[in-house]
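Asker: Read in the numbering used here, the sequence shown has 137 at position 142, and its numbers run on one by one without any break.
Yeah, the Cβ is synthetic: ideal placement off N, Cα and C, and Gly gets one too.
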Amino acid sequence: MPASSHRSPHTLTEILSQPQVWREAQRELESNPAVRAVITAAASQKEWLFVGCGSSFYLAEAAAAAWMLFTGRRARAVPASELLLFPHLTQLDSQELHAVVISRSGRTSEAVRAAELLSKKHNLPTIALTCAHDSDLSKACNITIVLSSADEESMVMTRSFTSMLTALLHLASSQATSLSLSASFETICSAVSSQIHSWSQQVQSFVASREFADYIFLAQGPFYPIAREAALKITEMSGSYAQAYHTMEFRHGPKSIVGPQTCLMFFLSESGRDAESEVLAEMKQLGGETIAVCNRAAESVGRSADLLVDLNAHAAELALLAPFLVPAQLLAYHTSVKKGLNPDAPKNLTRVVVLD
Ligand code: F1P
């Protein structure tokens, strides 16, 4: 397929801007007077519900997992549509429940309607997390956190996703007794800033020299929502078929798809790395093309990876969630360009889904 002559002015620029935007968004978060109220609520509320649509739902899933690991409190995530169509499945009757509704635009109809259901019908304290000022979402919530520095022109979510996730991780870590995020934050920003251009070149070369029929993203624990977002990114930007699985689950049937035209991206956690790395080695043996996204990985990981993206930063495990997404965003972008598509204007998509 001829490479496109089109170079997206927005999407790649915004992907590459993430380390700096993470710093700006963090300053914006810290300067928001509403954040103190959120931290106070985080200390008292027993159970948390994170809500979103599309990428913002996978962001909600990552935030819920990290919230439980940081705070020890129950946290879960649902797509806004489930709240609207099957509210009883979400068990909203707990008065100890605190909700966070996530929406880059603050205009997604399902997200706004879910916020209204939570705050007005169920009288639950509801926080809006968005990149837009004066949104319909903020009108439906008690507290609003805006990260306008993380907003983007691109149709798909890239830096808005990682910046809002980082903000939620910081709020969660304010409750943590043992785990700390602040010590890792600047280390992560510096490590990504110094490597992101090299990653982009390595991913572009990897994509240029191969033909893939399908894409598999594998992760465990709090990294699994990152795998789900990665699969959505390459589907949105390049119209490619992609699936996400829990790494160990992939052996139980789905691995039958693996062959030379299968691209498998592994997000290696620290907690489960040994078991996850065994799956990586097995899929390499089966003939798949493998990308390992990791941090300070053992040499054996490098031997099983056709492309190794090692952050190589002294950082807490949960601080890796946002930076691990960057190589997947770059894979999606370079695949789209190679297929002659325009990542800034993906087929069939609108920036916001507004329903009648
Ligand atoms: C949610 C969303 C995006 C998706 C596309 C359409 O937007 O579903 O996740 O990539 O842009 O909208 P938002 O509620 O976060 O603004």
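1. Verify the contact flag: M159, CB atom, against every heavy atom of the ligand F1P, threshold strictly below 6 Å.
2. Going by the CB atoms, is the gap between L350 and S100 shorter than 7 Å?
3. Check R298 in the structure and name its three-state DSSP category.
4. Looking at the structure shown, is F207 part of a helix, part of a strand, or coil, going by DSSP?
5. If you measure from the CB of M152, is any heavy atom of the ligand F1P nearer than 6 Å?
6. Determine whether the beta carbon atoms of R154 and E9 lie at a separation below 7 Å.
7. May I ask you to report which of helix, strand or coil DSSP gives M260?
8. Applying the 10 Å Cβ sphere with the 16-neighbour rule, what's the burial state of L344?
9. Within the present structure, is the beta-carbon of A106 separated from the nearest heavy atom of the ligand F1P by less than 6 Å?
10. How big is the Cα-Cα spacing for R69 and S200?
11. Which ranges does the alpha helix (DSSP H) cover as unbroken runs of at least 4 residues, wholly within the region 218 to 299, from first to last along the chain?
12. If you run the structure through DSSP and keep just helix, strand and coil, what is H192?
13. Inspect the beta-carbon positions of Q256 and T157 and report whether they are closer than 7 Å.
14. Taking 7 Å as the threshold (C-beta atoms), are D131 and V96 in contact?
15. Under a three-way DSSP split, which group does D131 fall into?
16. For R346, is the beta carbon positioned less than 6 Å from some heavy atom of the ligand F1P?
17. With T121 as the anchor, note down where its beta strand (DSSP E) starts and where it stops.
18. Look at A239 and I229 and say whether their C-beta atoms are less than 7 Å apart.
19. According to DSSP, which residues form a beta bridge with T139?
20. Within the present structure, is the beta-carbon of T103 separated from the nearest heavy atom of the ligand GTP by less than 6 Å?
21. Distance check for L281 and C289, CA to CA, integer angstroms please.
22. Can we count C136 as close to the ligand F1P, meaning its CB is less than 6 Å from some heavy atom?
23. Give every residue of the same chain whose Cβ lies closer than 7 Å to the Cβ of P352, excluding the five residues on either side of it in the sequence, and list them in chain order.
24. What is the DSSP secondary structure of S98, reduced to helix, strand or coil?
25. Can at least three beta-carbon pairs, one atom from the region 268 to 277 and one from the region 138 to 146, be found at a separation below 8 Å?
Answerer: On the basis of the supplied data:
1. no
2. no
3. helix
4. coil
5. yes
6. yes
7. strand
8. exposed
9. yes
10. 43 Å
11. 219 to 233, 268 to 280, 294 to 299
12. helix
13. no
14. no
15. helix
16. yes
17. 121 to 125
18. no
19. A123
20. Annotation note on the ligand GTP: not contained in the displayed structure, which lists the ligand F1P as its ligands.
21. 21 Å
22. no
23. Since the displayed the chain opens at -4 and closes at 351, residue 352 lies outside it and no answer follows.
24. strand
25. no
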